[in-house]
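Heads up: the sequence shown begins at 463 in this note's numbering, then just goes up one per residue.
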Amino acid sequence: MTGHDRAAYRVAYDEVLAKWPADREALTVATPFGEAHVTVCGPRDAPPLLLLPGGGGATSASWYAQAADLARIRRVHAVDLPGAPGLSRAGDRHPRTVADLADWLDAVLDGLGVTVTDVGGHSYGGWIALHHALRAPARVRRLFLLDPTQCFAGFKTAYLLHALPMLLRPAPRRIRAFLEWETGGAVLDPDWLALQEAAAGFPAAKPVTGPRPAPDALRGLGVPVLLLVAANSRTHDPHQVVARAGALLPRVETAVLPDVSHHALPQSAPPALIRHLTGFLSAP
């Protein structure tokens, strides 16, 4: 990005971040894959919660609608993904495998001084969070997945076809058109939308992709899981996601969030979302 573009992106990022609680802090954590940017809020003596954003132009700032409520019961740590839009800085190495992502997340937790934590992820962030829980279950107390992709069902063909122009040649108008299609024309926060459009020129690395977690691995996961899916998601079949998760995960709670789509989350979430999250996280 040019200096002007980078400055414009930072302005858009800060506009969204301003919606977080005023007492938030910014931390930088060294990892084998560069420096992770973490936004932190909540009482220092509260149990920790790590939040992962979705892929594409999503960033940790997108959790602003839930940050204040979650910070009443948790020390919230929201991290920008490596090599993706946001304020994390890429290193000489880029994550190339699921194991690399797990190592990155372990390094983030180590740098924060966190041994065991609750973890939550939206979309691609849910995929990362689930894989990490499968590899390091002792570090995850509770796990919530918000309309996670590629965990329990594949992408719909129509979704991939609509996303293709944006992926091949990112441009603000293509990002806007795609989001308008997936959200069914829902009214989106203009500051959040501006941040997504500003990410069009971001020099992001190729994200790690891979198959869905193996059924046997999911059957063996002892971590309590809360799965929340978007009723209007065009990303995948929400009912298939719920059914497959219920059949595979031994300790899962599921719910369908009405009147919301995949890309409207988490910033345009219905009130039911925070009720589900706080109830789940507050359980012993």
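For every residue, glycine included, the Cβ atom is placed at its ideal position computed from N, Cα and C.
Keep in mind that this is a model prediction, so the values were computed, not measured.
From the DSSP output, in three-state form, read off Thr619 for me. For the purposes of this step, residue 619 is taken as the residue at position 157 of the sequence shown. Three-state DSSP puts Thr619 in a helix.
What does Glu715 pair with, by DSSP beta-bridge criteria? Translated into positions along the sequence shown, residue 715 becomes position 253. Bridge partners of Glu715: Leu688.
Smallest Cα separation from Ala745: which of Ala625, Pro675, Asp580 and Asp609? For the purposes of this step, residue 745 is taken as the residue at position 283 of the sequence shown. Residue Asp580 is the option with its Cα nearest to Ala745.
For Thr740, the first and last residue of its enclosing alpha helix (DSSP H): Within the sequence shown, the letter at position 278 stands for residue 740. Counting along the chain, the alpha helix (DSSP H) containing Thr740 begins and ends at Pro733 to Ser744.
Start and end of the beta strand (DSSP E) containing Phe606? Translated into the one-based positions of the sequence shown, residue 606 becomes position 144. Element bounds for Phe606: Val602 to Leu608.
Supposed contact pair Pro483 and His593 - C-beta distance, whole angstroms, cut 8 Å: As a first step, residue 593 is located in the sequence shown; it is residue number 131 there, counting from the start. As a first step, residue 483 is located in the sequence shown; it is residue number 21 there, counting from the start. About 30 Å; that fails the 8 Å criterion.
DSSP bridge partner residues for His539 (one or two, in chain order): What you label residue 539 is simply residue 77 of the sequence shown in a count that begins at 1. In DSSP, His539 forms a bridge with Val502 and Leu512.
Under 7 Å: does the beta carbon of Arg706 sit that close to some heavy atom of the ligand ADP? For the ligand ADP, the structure offers nothing, since it holds no ligand at all.
If we call anything under 8 Å between Cβ atoms a contact, is Val500 one with Leu567? The count along the sequence shown starts at 1 and reaches residue 500 at position 38. The count along the sequence shown starts at 1 and reaches residue 567 at position 105. Inclusion of Val500 and Leu567 in the CB contact set at 8 Å is not warranted, their separation being larger than that value.
Taking the alpha carbon of Ala633 as the reference point, which residue from Phe664, Leu607, Asp476 and Leu623 has its own alpha carbon closest? Position 171 of the sequence shown, counted from the first residue, corresponds to residue 633. Ranking the options by Cα distance to Ala633, first place goes to Phe664.
Which value, in whole angstroms, describes the spacing of the CA atoms of Gln658 and Thr740? Position 196 of the sequence shown holds residue 658. Position 278 of the sequence shown holds residue 740. Put simply, the backbone Cα of Gln658 is about 28 Å away from that of Thr740.
Terminal residues of the continuous beta strand (DSSP E) containing His584? Taking the first residue of the sequence shown as 1, we reach residue 584 at position 122. Where His584 is concerned, the enclosing beta strand (DSSP E) stretches over Thr579 to His584.
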